[in-house]
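For the sequence shown, counting from 1, position 122 maps to 122 in this note's numbering; every step adds exactly one.
All residues carry an ideal CB built from backbone N, CA and C; glycine is no exception.
A quick note: this is a predicted structure, and the numbers were derived from the prediction, not measured.
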Amino acid sequence: MRYQKLPSDLYTRNREAFMKQMKPGGLALFFSNDIYPTSADGTLPFKQHADIFYLSGVDQEETVLLLFPDAHNPADREILFTLETNEELAIWEGAKLTKPQATAETGIANVQWTTAFERTLHRLMAEAQSLYLNDNQHTRARLTV
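The following block contains the structure:
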């Protein structure tokens, strides 16, 4: 473990404080940092984007946090998308968060795999009036919107 885990209610309070600052009908997206290559077979150590870490406590790549306080369905107000884990991935890349672990660490009840992100975003953008994007400014970042 890199550091001591903090209680999930801290991240819940952080998200609530952020959402109070949003315009009505606003939807916010926070993307985790990528794993950056140094060569054909090497990577830099992973360091999570500070904003998504502050709001969720998740220290894992390929993670997206969606905040939509005015969503019609209360389950859609906070959604965490994480990389789907399996035994092979755990062997090669290390253990990743399962859905129950992600809920326990973040306090977010609606945790989905990243494969559901585009479909969910498309559905929720029909309700949204504005979009808050937190993009990654690194030159090697994948910026697909």
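Do residue i and residue j have their C-beta atoms within less than 8 angstroms of each other?
{"i": "Thr114", "j": "Val58", "result": "no"}
{"i": "Glu78", "j": "Arg15", "result": "yes"}
{"i": "Leu67", "j": "Phe18", "result": "yes"}
Whole angstroms is fine: what's the gap from residue i's alpha carbon to residue j's?
{"i": "Met1", "j": "Glu61", "result": "For Met1, the predicted structure reports a pLDDT of 44, less than 50, and the residue's modelled location is therefore unreliable. A value from the coordinates is still provided. Rounded to whole angstroms, Met1 to Glu61 spans 16 angstroms at the Cα level."}
{"i": "Arg119", "j": "Ala109", "result": "19 angstroms"}
{"i": "Ala128", "j": "Pro7", "result": "30 angstroms"}
{"i": "Pro69", "j": "Gly25", "result": "8 angstroms"}
Just confirm the distance between the C-beta atoms of residue i and residue j, as a whole number of angstroms; I'd bet it's less than 8 angstroms.
{"i": "Phe31", "j": "Ile52", "result": "7 angstroms"}
{"i": "Ala71", "j": "Leu124", "result": "6 angstroms"}
Here's a check: name, in chain order, each residue in its chain whose Cβ is nearer than 6 angstroms to the Cβ of residue i, leaving out the five neighbours to either side.
{"i": "Ile91", "result": "none"}
I want to see whether chain D comes within less than 8 angstroms of residue i, judged by CB atoms only; does it?
{"i": "Asn86", "result": "Included in the structure is just one protein chain, with no chain D present."}
According to DSSP, residue i sits in a beta bridge with which residue or residues?
{"i": "Gly26", "result": "Ser130"}
Note down, in chain order, each residue of its chain lying with its Cβ closer than 8 angstroms to the Cβ of residue i, except the 5 sequence neighbours on either side.
{"i": "His49", "result": "Phe30, Phe31, Ser32, Asn33, Asn134, Asn136"}
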